[in-house]
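The sequence shown begins at 896 in this note's numbering and counts up by one. Where is the CB? At the ideal position from N, CA and C, for every residue including glycine.
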Amino acid sequence: MSRQSQVGRRKSLSRFFTYLSPYWVLFLTGFVAMTLATVARLAGPLILRALVDTAIPAKDTRAMILYALLYLGIIIIMGALTYFQTTTIVRLGLNVVTNIKRDLFSHLLTLPVAYFDKHPVGELMARVENDTEKVKQLFSETGIMLVGNIIYFLGMFAVFFAMDARTAAFIFIPAPFLLAGFFFIFDRLRPLYEKSRKKYAEITAIATEFVQGIEVVQAFNRTEHAARKLDLASREKRDAEIKAGMTEYTTMGFMGFLGGPMLMVLIIKLVAPSVFSGALTVGTLLVFIEYGVRLFEPLFSIGENIRGMQQARVALGRIFNIMDIDPEPAGSGLEPEFRQGIEFRDVSFEYKPGETVLDHVSFSIRKGETVALVGASGSGKTTTVSLLCRFYEPTSGSILVDGEPLKQLALQAWRRKIGLVLQDIYLFPGTILENVRVYDETLGPDQALAALRTVHAADFVAGLPDGMQTELHERGSNLSMGEKQLLSFARAVAFGADIVIMDEATASVDVDTERRIQESLEVLLQGRTALIVAHRLSSILKADKILFFKDGRIIAQGRHNELLAALPEYRELVRLQFPDLETNPETETEEAAETETVR
Ligand SMILES: Nc1ncnc2c1ncn2[C@@H]1O[C@H](COP(=O)(O)OP(=O)(O)O)[C@@H](O)[C@H]1O
Ligand SMILES: [Mg+2]
896 MSRQSQVGRR KSLSRFFTYL SPYWVLFLTG FVAMTLATVA RLAGPLILRA
946 LVDTAIPAKD TRAMILYALL YLGIIIIMGA LTYFQTTTIV RLGLNVVTNI
996 KRDLFSHLLT LPVAYFDKHP VGELMARVEN DTEKVKQLFS ETGIMLVGNI
1046 IYFLGMFAVF FAMDARTAAF IFIPAPFLLA GFFFIFDRLR PLYEKSRKKY
1096 AEITAIATEF VQGIEVVQAF NRTEHAARKL DLASREKRDA EIKAGMTEYT
1146 TMGFMGFLGG PMLMVLIIKL VAPSVFSGAL TVGTLLVFIE YGVRLFEPLF
1196 SIGENIRGMQ QARVALGRIF NIMDIDPEPA GSGLEPEFRQ GIEFRDVSFE
1246 YKPGETVLDH VSFSIRKGET VALVGASGSG KTTTVSLLCR FYEPTSGSIL
1296 VDGEPLKQLA LQAWRRKIGL VLQDIYLFPG TILENVRVYD ETLGPDQALA
1346 ALRTVHAADF VAGLPDGMQT ELHERGSNLS MGEKQLLSFA RAVAFGADIV
1396 IMDEATASVD VDTERRIQES LEVLLQGRTA LIVAHRLSSI LKADKILFFK
1446 DGRIIAQGRH NELLAALPEY RELVRLQFPD LETNPETETE EAAETETVR
């Protein structure tokens, strides 16, 4: 083992203890209960011994009944203590795991967007669930049980040794070899369980993604395809598990089933002469047999416990690794002012090394201007606005705000200046109010309402059963597309954004909603700087500047009529996206009509 991984191991252990330490009282009570339960378990056979060796020869009925009752009492106490210990420790485990999960999830939220490109959310969640489950088992099945089993085993050993050292030596010398045998089998099993674990993560990921896209899956009649894909992964998981289970239960079952009785025969063979000679009592033989039959139990469990603990340690390491990923440096840096404008200077970007997505993109925006980004899908529009939000860093070139590199500005303060209206509007589970203020308690209901009014969304919200307190269904499925858009506008207004970044939805809405969105959009853009990935004609016509993207480059920029005149590709795009412009004179604006004549 390398030094470094030893240090890592110690670190995750001590970190784990920081989660454990607030619950030390629970831990201690559980531990004491477990030790007492183990002592009671050990005491049972000793009472039988006293019964056989003293009460029976003396023909003392009263003593016999007393011992029998004592035996019963011990069993009851053992049961009660075990119950108490289990509930206490499991409760402790749930608390610890809940806290770890809480910290993990809140940390995940601070990670850069780029992290989630590399780790699909479905798979990430499956892994987290799986790993925390392993940690939880430390409290129910592995860690705490290991201690109990060791005490039990050593207790039996001590009693054996005190009664008959020679027999004890015979019985216990093979123990380490047996343990080694168990480990040998566990090592064979581990890859099989590992495979089943991986398949589980895969299945969860597939299921999550299909369920998230349920509308698409159903609309395109892909349910069968989805089911087939899941079925395949499930089969592989099942096969791996069957193989592991068979290996485990045949070998372990065989040992567990025959090991005890075989040991009993050995004990009788070893102890019988001493019993005949009177050196050992019949009661002692009874104790030996009772213990002997059970000797394998703790030994068997110890092997399993240690394996479980190893898995828990690996799982903890993985959890802490995620927690150790640096969050985005949210607070440090210059306070952004934004007085003059934004400049992209020779910005190139690749999501994956070697695959250029943006290729020397340069443009500038003066404060207050509206810029439209147009181009075929995949040409780099969304990527450009993502860079401005600093979800990613440019591979080369720089983005300047008032001449200062964006990199040097305080990230959180910068993002606060931006109102982001995404194509795929994300609504959180919660009320309309919470969705407008995105759980920011500093924004009061009044401000939220004012924002809703500003974007002409107050009417529709008032029409909902509980107004602003109406609970949204998952991903806002109880709202129309247009209503979701209005909510996302209100969000930008409520946060007092200076800059509005919009990835317009391509989905068309009805004429009435479209008109309302137009009006709201106008209000939203008033006095703000805007970057709009434009799919609406009106956005293009009103833009101070249009950036025409092609294959990750800006091949032309200017106003609508300039581009129409200069760029055949732009004319083609306009013709494709807005056929109305040529065929339906009513939707034409003056500018558009003008350029028509130019052509
Ligand atoms: N998160 C991502 N990881 C890897 N590649 C991406 C990612 N997002 C977009 N791309 C790729 O970058 C290119 C530009 O995408 P995008 O900026 O979304 O285009 P647009 O918004 O113009 O449709 C596309 O080829 C797309 O496949
Ligand atoms: Mg896009």
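For the beta strand (DSSP E) that residue i lies in, which residues bound it at each end?
i	result
V1256	T1251 to R1261
K1445	K1440 to K1445
I1427	T1424 to V1428
T949	Neither: T949 is in no beta strand (DSSP E) and is coded neither H nor E.
G1270	T1265 to G1270
Do residue i and ligand 1 come close, with the Cβ less than 6 Å from some heavy atom?
i	result
K1276	yes
Y1010	no
G1249	no
V1252	yes
G1273	yes
Y918	no
Y1465	no
Y1095	no
Y1246	yes
Could you tell me the boundaries of the alpha helix (DSSP H) in which residue i lies?
i	result
G1043	G1038 to M1058
S1001	T956 to L1003
F926	W919 to A945
G1358	That residue, G1358, is in no alpha helix (DSSP H); it is neither H nor E in DSSP.
V1209	F1191 to D1219
D1012	V1008 to K1013
A1389	M1376 to A1389
R1466	P1463 to Q1472
I1435	L1432 to K1437
Which of the three DSSP states, helix, strand or coil, is assigned to residue i?
i	result
F912	helix
V1406	helix
F1239	strand
I1320	coil
K1029	helix
L1367	strand
A1400	coil
P1480	Reliability of the predicted coordinates at P1480 is poor, the pLDDT of 38 falling under 50, and no value is obtained from them.
T1349	helix
R885	Since the first residue of the chain shown is 896 and the last is 1494, residue 885 is not available in this structure.
F1034	helix
E1024	helix
I1068	coil
F1233	coil
G1497	Any answer about residue 1497 is impossible in this case: the structure gives the chain only from 896 up to 1494.
E1457	helix
E1245	strand
**Prompt:** Hey, which unbroken runs of the beta strand (DSSP E) at 3 residues or more fall wholly within the stretch 1272-1347?
**Reply:** Look at the stretch 1272-1347 and you find these whole runs of beta strand (DSSP E), each 3 residues long or longer: 1291-1296 and 1313-1316.
**Asked** If you scan the stretch 1089-1158 from start to end, which runs of the alpha helix (DSSP H) of 4 or more residues do you find wholly inside it?
**Response** Complete alpha helix (DSSP H) runs here, min 4: 1109-1114.
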